[in-house]
Each structure stands twice: as structure tokens, then as C-alpha cells.
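Residue numbers (my numbering), protein chains in the order written: chain A, 3 to 170; chain B, 3 to 170.
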DNA sequence: AATTAATTGAAAATTATTCTCAATTAGTTT
DNA sequence: AAACTAATTGAGAATAATTTTCAATTAATT
């Protein structure tokens with residue numbers, strides 16, 4: 003089961019390490035084959051990294067982590083495979099401003115994102131009230147809701163402090 | 003094909019050249035001064051272009067359009083000014099995938115979109131309650147909210163009926 | 001084991017955007 | 001209106017993220 007840890011007052015989401023999926027090599031192979039691709043060591047390691055590692059990682063970060071376990075890995079392979087995974091919806095890509103894209107294994111449980119416009123930090127949240135209101139809006143216009151994208155953008159606490167420090 | 007239902011008698015942004023705002027040089031100067039900047043020919047021409055031209059233009063497109071009226075304009079000036087306008091919220095930046103950012107003069111009235119996944123029909127809506135809840139979420143995580151994207155996807159009434167007709 | 005088509009790493013290429021810097025210009029002061 | 005000064009400019013170099021190229025390697029098939 004996917005377990006989303008929503009720490010109240012979590013200060014530094016960059017550092018949170020969580021295991022959201024409990025996937026084995028068998029699952030990874032299945033995912034790769036479902037996309038009509040060949041099973042390779044590098045693809046398995048990338049998936050392993052996504053499943054076990056920090057949540058919203060950039061391609062560069064995946065490359066660096068993966069490079070430890072598998073030093074002959076090239077970053078082009080990481081980019082290529084992340085793109086494929088995104089196209090097939092196994093991975094969700096979050097983009098903000100000109101900052102590097104961040105990736106996560108598509109969670110089974112829905113959540114939305116709160117992204118820092120300055121440093122790209124991402125906080126996940128769930129809000130049942132908002133979900134309900136969305137349903138109401140859809141109903142009002144005669145729509146049967148299938149999905150939605152809600153991305154909030156703002157300045158995180160750290161970046162707010164940094165700005166003030168510079169001003170002084 | 004795709005039908006856009008717009009609250010205030012606006013036309014389809016994709017197809018028509020529309021004047022969302024009816025702004026004069028006086029307004030442009032005011033905008034520039036409000037940002038604490040000097041009024042220059044290039045800034046006026048850029049604003050004019052944004053106000054009169056197509057909606058959702060890229061920086062390159064702005065540069066090309068502007069270049070006709072004002073050939074000595076450099077693209078760095080366009081980028082620089084668009085950034086300033088965005089920072090000051092006179093312009094809204096929309097980013098999609100790795101594609102170049104698109105810009106539009108920030109509409110006076112904020113709205114979100116409800117899109118039919120079958121026929122592409124778009125309904126614009128406003129919901130103050132959702133907005134408020136978004137603020138609350140941001141606050142809870144220590145963020146200072148700057149903007150957001152909310153896109154609802156579903157099946158519109160017509161398409162629901164069409165599906166049922168086919169099934170029968 | 002032989003075959004072949006996909007995959008890989010390394011480096012080059014590309015794309016969007018930002019930065020640098022000397023020359024110009026807007027707005028102010030005289 | 002001329003002088004002043006700090007902001008703005010254009011051109012091109014620089015940067016950063018991502019994609020492409022291509023020859024060598026490897027997974028899956030025969």
C-alpha cells in the first residue's frame with residue numbers, strides 16, 4: 003500500500019525519506035515489460051531508486067544516487083527512462099518555473115502539490131474539503147469529474163527568510 | 003471542435019486576436035512606473051503587444067512581433083521585462099512540460115478551468131471557497147502563496163448523453 | 001551459439017533563458 | 001535647456017536542463 007506521510011509542520015521536505023511503495027524486482031520487471039521495453043540493470047536500478055529514495059527527485063539527483071550503486075550509468079539513460087516512465091504514467095513529473103523537473107512514482111493515493119517558486123521544494127498535501135468543492139463545481143456545470151490538477155505556488159519559509167536576510 | 007464558454011463575452015483565446023483589456027499608453031506608463039521602472043519605448047511596445055496580440059505568447063513570439071514595430075529591440079529586453087512583469091503579477095506565466103513559458107496580461111478576474119476530456123469544451127469558473135482553502139493549506143506549511151493552477155477534467159453533460167446513446 | 005534489434009554511455013547539440021558589459025537614454029537637477 | 005547619474009539597452013557570451021547522435025554493447029529470440 004502506498005503510505006503518504008504528511009508530517010504536520012514538516013520543516014524540510016527535501017530531507018524526508020519515505021518508502022511509499024513496497025515494490026520488488028518482480029514488480030519493476032513487470033512495469034518495464036508493460037511499456038514494451040527490455041529489462042536492463044540500469045532500468046531496474048532507476049526504478050529501485052525511485053521506489054526507495056527521496057520523493058520528488060530531479061533527474062540529476064536520480065543519476066547521482068544511482069551512480070553510487072551502478073557507476074557505469076550515464077545520465078542520458080536516466081533522462082531517457084524517466085521520460086518513458088512519465089509517458090506511461092508510472093512516474094509523475096512536476097515542473098516549476100525554469101527549475102529542473104522533479105519526479106515521483108505515481109502515487110496510488112491522490113495528493114496535490116505546494117511548490118516553492120524560489121528553490122523548487124515541494125510539499126504534498128491532501129485536502130478533502132477542496133476535493134469536495136471541486137466535485138460541487140463540476141456537478142454545477144453538469145460535468146462528471148474524472149481527475150484534476152491542483153498546483154499551489156509560493157515562497158517557502160526558508161526562502162522568505164533568505165529574502166529578508168538579503169534585504170537587511 | 004473545442005468550445006470555450008467564457009463568462010464575460012470573451013472570444014476563444016486560441017483562435018481570435020482579442021483585446022482582453024482596453025489599455026492605452028497612459029495605462030502602460032502607469033504600470034511601468036508602479037514597478038519603479040523607467041518608461042522606455044521598448045517597454046511600451048512590449049506591453050502594447052501583450053495587450054493587443056494573441057493570448058499565451060512565448061517570449062520568442064513577443065520578440066518577433068515586437069521586432070516588426072521596433073527593429074532595434076533585443077530579445078534580452080523582452081525576457082527581462084517579461085520577468086519583471088511576472089514578478090509584479092501584471093503578467094501571468096504559464097509553463098507546460100519543458101516547453102517555452104507562455105505569457106498573458108494577468109486577467110483582472112481570476113478563474114480556473116473545467117475541461118471536458120471528450121470534446122475539449124472549457125468552462126471557466128471562480129470559487130472563493132476553494133481559494134480560501136488553498137490559502138489555508140499554504141499557511142499551514144509556512145508558504146506565502148503567489149499563485150496556483152487548478153484544472154478540473156471530466157465529461158460534460160452532452161458527452162455523457164452521447165456515451166449513453168451509443169451504449170443503447 | 002548465432003542473430004538482431006534495442007539499449008547504452010559519452011560527448012556533442014539543442015533549447016530556453018540569463019548574464020555581462022560598454023554604450024545609450026530617461027528622468028532629475030541645475 | 002544643458003548637465004548629470006543611474007537605469008536600461010542590445011549583442012553576444014554563458015549557463016542549465018534536456019535531447020540527440022552514434023558506435024559499441026547487451027537482452028531477448030531463434
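From the three backbone atoms N, C-alpha and C, an ideal C-beta is built for every residue, glycine too.
Item	Value
7 Å Cβ shell around residue 147 of chain A - same chain, five flanking residues per side excluded	136, 137, 140
Proximity below 7 Å, CB of residue 31 of chain A to CB of residue 47 of chain A	no
Test: residue 61 of chain B CB closer than 7 Å to a CB of chain A	no
Every unbroken alpha helix (DSSP H) within the stretch 20-103 of chain B, with a cutoff of 4 residues, ordered by chain	27-36, 43-54, 61-71, 77-89
Terminal residues of the beta strand (DSSP E) in which residue 139 of chain A lies	It is not in any beta strand (DSSP E) - residue 139 of chain A instead sits in the alpha helix (DSSP H) that spans 130-142.
Per-residue burial, residue 101 of chain B [other beta carbons within 10 Å of its own, 16 or more giving buried]	exposed
Cβ of residue 140 of chain B within 7 Å of any chain A Cβ	yes
Residue 158 of chain B - DSSP class collapsed to helix/strand/coil	coil
Cα-Cα separation, residue 156 of chain A to residue 118 of chain A	5 Å
Chain-ordered chain B contacts of residue 156 of chain A [CB-CB under 7 Å]	140, 145, 146, 147, 148
Partner residues on chain A for residue 119 of chain B, Cβ-Cβ distance less than 8 Å	148
Inter-residue spacing [alpha-carbon to alpha-carbon] between residue 90 of chain B and residue 45 of chain B	14 Å
Any C-beta of chain A under 7 Å from that of residue 124 of chain B	no
Residue-chain proximity (residue 159 of chain B, chain A), Cβ-Cβ < 7 Å	yes
Any non-hydrogen atom of the ligand FMN within 6 Å of residue 95 of chain B CB	With respect to small molecules bound, the structure shown includes none, and the ligand FMN cannot be examined in it.
Assigned exposure category for residue 134 of chain B - 16 Cβ within 10 Å defines buried	exposed
Test: residue 129 of chain A CB closer than 7 Å to a CB of chain B	yes
Own chain residues within Cβ distance below 8 Å of residue 61 of chain A, not counting five before or after	77, 80, 81, 84, 102, 103, 105
Presumed contact (8 Å Cβ cut-off) between residue 92 of chain A and residue 116 of chain A, rounded CB distance	No, residue 92 of chain A and residue 116 of chain A are not in contact; Cβ-Cβ is about 23 Å, not under 8 Å.
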